[in-house]
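Enquirer: For the sequence shown, numbering that gives the first Met the number 0 gives the first residue as 0, with consecutive numbering after it.
All C-beta atoms, glycine included, are put in the ideal place defined by N, C-alpha and C.
Being a predicted model, the structure only gives us computed values, none of them experimental.
I'd like to ask some things about the structure below.
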Amino acid sequence: MKYVLICFFTIACIFTTANLNAQTTIYQNPEASIDERVEDLLRRMTVYEKIGQMTQLNISMINTTGAASDVVLDEEKARYLIRNHHIGSFINGDAVPPETWFTFIYELSRVGLEESRLEIPVIYGIDHIHGASYLAESTIFPHNINLGATFNPIHAYATGWVTAYESVDIGHRWGFAPTIDLGVNPLWARIWETYGEDPHLASEMGRNFIEGYQGNEEIAPYRVAATGKHFVAYSDPRTGWDRTPVQLSMQAIREFHLPPFQAAVDAGIKTMMLNSGEVNGIPVHASYEFVTELLRDEMGFDGVVLTDWADIEKLVDLHRTAENYKEAVYQSVTAGIDVSMTPLDLNFNTALKELVDEGRITEERLDESVRRILRLKFELGLFEYPFPRSDRLYRIGTEENRLKALEAARESIVLLRNENDVLPAKEPNLIVVAGMSANSKRNLNGGWTLTWAGGTEEQYPEDMHTIYTALQKEYPAAEIRLIASELRSSANRDLLDSADLIIYAGGEEPYAEFTGNVTDLTLPSDQLSDVAFLSESETPLVLVLVLGRPRIITPIVEKTDAIIFTGLPGFEGGEAIANIISGRVNPSGRLPISYPMYTGHFSTYNHKPSAISSSALYPFGHGLSYTEFDYSDLQLGSHSVGMNESLTASVTVTNSGEVTGMESVLWYITNHVGRISRPVLELKHFEKIELEPGESTRLEFELVPQKHISYPDRYGNRILEPGRITVRVGDLSKEFMLVE
Ligand code: BGC
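Structural data, given as structure tokens:
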């Protein structure tokens, strides 16, 4: 009842504010253009007010305890920071119930308006990474690595759409997603946050997430801002450890890492978060070349550029490109950042004010950033609708949304191996389940779920399934036995021998960022020896890999009958895995990364010819089905195509098996000769289809050389050379000549 009352008050308040102000100032008049409003407001602001808009502080600065997990506002702290330091943005929190978030943001918004001389609303940012993951009771989708594995962009769209739908009313208007870094280094602890290793796949998935999130019209009158991160080349550190130096040629950055960010810019993404790390010796948030010349001038990004967490001080403590904090601020602001995620002190404000007073940074430079920040706030409707609302909280965690997450999870599970068609397991009497992920909710979710590095088991919803409980539901007539300890006891040996199937669910426990750094990519040795032990039984053995990156399993592959790569499938993951095991759902996930065979040799599917071979245990795009798809009659519209022409490729795909199935049809090209060496394969188009047994369909791909074959040099000039091109789809290929 309390919230209903607050809600009425809120709505009344929104209208009152809008009406009163409409008569007084241009910037508060919703009828004026955004440009006019921005300029009018900017004119009225002091230098220190402008700096406040460029500052983002953590929730711990304004909550009662100072702990990151406390979502109770300390009004006095907030008043102090907004009145005296004009802070324009706050972030972070914990997965508390919607009502708690509503109250917190409501009060913060009220204090913000009361204490801001010009009534500039605050904006709240948060890491809703796979659904509204910092909100209790919300719908949790699979992580990006899984969305990549679906090869079906509607699931990225749904993730964005549902995230906005479930988090906007509690006042979260700025989401720090999607991650559009490329998952190219399997050691890197953030592989699971990426859509995989391919630029085209990441571009399509990222674009769809943005369209679903920013384009959700059901959240009116509110609007939200997505964040592309982490610009750019963050994901390929030489050591494999998070935020360690990257050495990459500008040509490689342009060809592989830039396209998803360009796709995000083209999709109208409103904000961009910078890579914390150094690229070719210069931290990106201190690089004029990356931030201003590349992202803004060349790529045309006109939204808000945000640093990552405490990155300005890292210029002093970590990268040592700046002698002291003030110099670090000078470097970042000169590079072109708009907002500093400071986030635990006011050092940015003090230092930037001094720099302006000293004349080293001009007020005009501040204006450039503040213009963009104010524009964002106007575009999101914050001036008209600064308050959250509690009358639509029933939209959170609906059955309809849960089914969207379940569908995404189902399509994301990859069947890597299935000897003698051991799966699906039809009508078993006894299934034995073991391994650290067998009865774990947190392992199915990984990091950025409920908390930063993953919640405790108790924090997960009671009705969320683990693999074990999902199997119980899936096979009501069968006995499902969980071995929770003493795997090798004689009683358990007998149990294993008498079972129809053994499912061993291993993988990784949740981690985030540097907490996931490893020195060895091999699957932990206790798991290797468990699998070896289990393989001694005659009972068929299924290895289920619940993990955020491809841990090396080469020594045990042959000991298993089937292997399922589940990635981090989220709240619905247990059910999705059980559905695949039983055959209720035909697996259709495909690897969005190359699964490495060795600990000492990694390469992506689109490696260069001199890399000789990719040495993948399972290649990019690999994934088995319970049916078979035949590819036939690949046709190219012509054998020779001019540089400015296009060519239609078409193929027939037939479900020649016995069950309905989904197939991701992946179109690749090989450009045989290039002055800058060409990848041996390049994914250029994909489409997911569903076919009944015996059904065929004809698919087309319009190949445009300027778009699909040209590639950038290190300056970004596009190169398109005549020569031999092979088009590949399924197991078919055909060549054509690209001519002058
Ligand atoms: C991460 C970002 C995240 C930010 C805010 C950083 O440590 O690198 O991905 O958005 O924290 O929580």
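Excluding the 5 residues preceding and the 5 following I58 in the sequence, name in chain order all residues of the same chain whose CB lies nearer than 8 angstroms to its CB.
Expert: Counted from its first residue, the sequence shown places residue 58 at position 59. Around I58: A67, D69, V70, F89, I90, N91 and G92.
Enquirer: If I measure Cβ to Cβ from E739 and keep anything under 6 angstroms in the same chain, skipping five residues before and after, which residues do I get?
Expert: Taking the first residue of the sequence shown as 1, we reach residue 739 at position 740. Within the same chain, E739 has close Cβ partners P721.
Enquirer: May I ask whether a heavy atom of ligand 1 can be found less than 8 angstroms away from the beta carbon of F175?
Expert: Position 176 of the sequence shown holds residue 175. Yes, ligand 1 has a heavy atom inside 8 angstroms of this Cβ.
Enquirer: Let me confirm a value: N18 is counted as buried when at least 16 other C-beta atoms fall within 10 Å, else exposed. Which label applies?
Expert: For this step, residue 18 is matched to residue 19 along the sequence shown. Because the pLDDT at N18 is just 43, under 50, the model does not fix this residue reliably, and the point stays unresolved.
Enquirer: What are the complete alpha helix (DSSP H) segments, minimum 4 residues, inside the stretch 460-524?
Expert: Taken in chain order, the complete alpha helix (DSSP H) segments of 4 or more residues contained in the stretch 460-524 are 466-473 and 489-497.
Enquirer: Return yes when the C-beta of T178 is under 8 angstroms from any heavy atom of ligand 1, and no when it is not.
Expert: Residue 178 sits at position 179 when you count from the first residue of the sequence shown. Yes, the beta carbon of T178 sits closer than 8 angstroms to at least one heavy atom of ligand 1.
Enquirer: Where does T341 fall in DSSP's three states?
Expert: Residue numbering aside, residue 341 sits at position 342 when the sequence shown is read from its first letter. In the structure shown, T341 sits in coil (DSSP, three-state: anything other than H, G, I, E or B).
Enquirer: On the premise that E114 lies in contact with R172, defined as a C-beta separation below 8 angstroms, what is that separation, rounded to the nearest angstrom?
Expert: Mapped onto the sequence shown, residue 172 falls at position 173. Mapped onto the sequence shown, residue 114 falls at position 115. About 19 angstroms separates the two Cβ atoms, so there is no contact after all.
Enquirer: Please find out if some non-hydrogen atom of ligand 1 comes closer than 8 angstroms to the beta-carbon of T226.
Expert: Counting from one through the sequence shown, the residue named residue 226 turns up at place 227. Result yes, Cβ under 8 angstroms from ligand 1.
Enquirer: Mind the definition here: the stretch 614-624 touches the stretch 213-232 only if three or more C-beta pairs lie below 8 angstroms; say whether that holds.
Expert: no
Enquirer: Cβ of N400 within 8 angstroms of any heavy atom in ligand 1?
Expert: Taking the first residue of the sequence shown as position 1, residue 400 is located at position 401. Checking every heavy atom of ligand 1 against the Cβ of N400, none is found closer than 8 angstroms.
Enquirer: Classify Y233: buried if its beta carbon has 16 or more other beta carbons within 10 angstroms, exposed otherwise.
Expert: For the purposes of this step, residue 233 is identified with residue 234 of the sequence shown, where counting begins at 1. That one is buried.
Enquirer: For N184, which residues from the same chain have a beta carbon less than 8 angstroms from its beta carbon, with the 5 sequence-adjacent residues on both sides left out?
Expert: In the sequence shown, residue 184 corresponds to position 185, counting from 1. Once the five neighbours on either side are set aside, the close Cβ partners of N184 are I190, S234, D235, P236, G239 and F601.
Enquirer: Do N145 and P568 come within 9 angstroms of each other at the CB atom, strictly closer than that value?
Expert: Here the question's residue 568 lines up with position 569 in the sequence shown. Here the question's residue 145 lines up with position 146 in the sequence shown. In contact: P568 and N145 (Cβ atoms closer than 9 angstroms).
Enquirer: Rank V355, K325 and D356 by C-alpha distance to the C-alpha of T341 and give the top, closest one.
Expert: Locating residue 341 in the sequence shown gives position 342, counting from the first residue. That would be K325, whose Cα lies nearest to the Cα of T341.
Enquirer: How about V543 and A483: are their beta carbons less than 9 angstroms apart?
Expert: Along the sequence shown, read from residue 1 onward, the residue named residue 543 stands at position 544. Along the sequence shown, read from residue 1 onward, the residue named residue 483 stands at position 484. No.
Enquirer: Does the separation of the CB atoms of F150 and L392 fall below 9 angstroms?
Expert: Residue numbering aside, residue 150 sits at position 151 when the sequence shown is read from its first letter. Residue numbering aside, residue 392 sits at position 393 when the sequence shown is read from its first letter. No, the pair does not count as a contact, with Cβ atoms beyond the cut-off.
Enquirer: Are the beta-carbon atoms belonging to I746 and F628 less than 9 angstroms from one another?
Expert: Residue 746 lies beyond the range of the chain shown here (0 to 739); nothing can be said about it.
Enquirer: Helix, strand or coil, according to DSSP, for T603 in the structure here?
Expert: Along the sequence shown, one-based indexing puts residue 603 at 604. T603: coil per DSSP, three-state reduction.
Enquirer: Would you check whether ligand 1 has a heavy atom nearer than 8 angstroms to the C-beta of W451?
Expert: Counting from one through the sequence shown, the residue named residue 451 turns up at place 452. Yes, since a heavy atom of ligand 1 falls inside the 8 angstroms radius drawn around the Cβ of W451.
Enquirer: Name the two residues that bound the continuous alpha helix (DSSP H) containing G205.
Expert: Within the sequence shown, numbered from 1, the residue matching residue 205 stands at position 206. Element bounds for G205: P198 to Q213.
Enquirer: Taking the beta strand (DSSP E) that N670 falls in, what are its first and last residues?
Expert: Position 671 of the sequence shown, counted from the start, is the residue given in the question as residue 670. Counting along the chain, the beta strand (DSSP E) containing N670 begins and ends at G660 to N670.
Enquirer: Which residues mark the beginning and the end of the beta strand (DSSP E) in which V545 is found?
Expert: Numbered from 1 along the sequence shown, position 546 holds the residue referred to as residue 545. Counting along the chain, the beta strand (DSSP E) containing V545 begins and ends at L540 to V545.
Enquirer: Can you check which of these residues, L500, S488 and G572, is closest to T444 by C-alpha distance?
Expert: The residue labelled residue 444 in the question sits at position 445 within the sequence shown. Residue identity differs from the one stated: residue 444 is Asn in this sequence, not Thr. The residue with the shortest Cα to Cα distance from N444 is G572.
Enquirer: With respect to 8 angstroms, is the separation between the Cβ of H684 and the closest non-hydrogen atom of ligand 1 below this value?
Expert: Translated into the one-based positions of the sequence shown, residue 684 becomes position 685. No, since every heavy atom of ligand 1 falls outside the 8 angstroms radius drawn around the Cβ of H684.
Enquirer: Which parts of the stretch 285-366 are runs of the alpha helix (DSSP H), unbroken and 4 residues or longer, counting only runs that do not cross its ends?
Expert: 310-316, 324-334 and 346-356
Enquirer: Leaving out five residues before and five after T725 in sequence, what residues of the same chain have Cβ atoms less than 8 angstroms from its Cβ?
Expert: Residue 725 sits at position 726 when you count from the first residue of the sequence shown. Counting only Cβ-Cβ distances below 8 angstroms, and skipping sequence neighbours, we find I668, T669, H671, S732, K733 and E734.
Enquirer: Output yes or no for whether 9 angstroms exceeds the beta carbon distance between T465 and S439.
Expert: As a first step, residue 465 is located in the sequence shown; it is residue number 466 there, counting from the start. As a first step, residue 439 is located in the sequence shown; it is residue number 440 there, counting from the start. In this structure, S439 lies closer than 9 angstroms to T465 by Cβ.
Enquirer: Under three-state DSSP, which class holds D730?
Expert: Translated into positions along the sequence shown, residue 730 becomes position 731. In the structure shown, D730 sits in coil (DSSP, three-state: anything other than H, G, I, E or B).
Enquirer: Can we count D757 as close to ligand 1, meaning its CB is less than 8 angstroms from some heavy atom?
Expert: Lying before the first or after the last residue shown, residue 757 is absent from the chain, which here runs from 0 to 739.
Enquirer: Taking 8 angstroms as the cut-off, is the CB of D525 close to at least one heavy atom of ligand 1?
Expert: As a first step, residue 525 must be located in the sequence shown, where it is residue number 526. No, since every heavy atom of ligand 1 falls outside the 8 angstroms radius drawn around the Cβ of D525.
Enquirer: Less than 8 angstroms separating the Cβ of M93 from some heavy atom of ligand 1?
Expert: Position 94 of the sequence shown, counted from the first residue, corresponds to residue 93. According to the sequence as given, residue 93 is Asp; it is not Met. Every heavy atom of ligand 1 is 8 angstroms or more from the Cβ of D93, so no.
Enquirer: Out of L343, K687 and L540, which one is the CA nearest neighbour of N419?
Expert: Looking up residue 419 in the sequence shown gives position 420. Comparing alpha carbon positions, the residue from L343, K687 and L540 closest to N419 is L540.
Enquirer: Leaving aside the five residues before and after P591 along the sequence, list all residues of the same chain whose C-beta is less than 8 angstroms from its C-beta, in chain order.
Expert: Taking the sequence shown and counting its residues from 1, one reaches residue 591 at position 592. By the criterion of a C-beta distance shorter than 8 angstroms, P591 is surrounded in its chain by I144, G147, A148, F150, G182, Y194, G195, E196, D197, L200 and F619, once the five residues flanking it on both sides are discounted.
Enquirer: Among the residues of its own chain, which have a CB less than 8 angstroms from the CB of K76, if the five just before and after it don't count?
Expert: Within the sequence shown, the letter at position 77 stands for residue 76. Once the five neighbours on either side are set aside, the close Cβ partners of K76 are M60, I61 and N62.
Enquirer: Tell me which residue opens and which closes the beta strand (DSSP E) that I563 is part of.
Expert: In the sequence shown, counting from the first residue as 1, residue 563 sits at position 564. Here the beta strand (DSSP E) through I563 covers A561 to F564.
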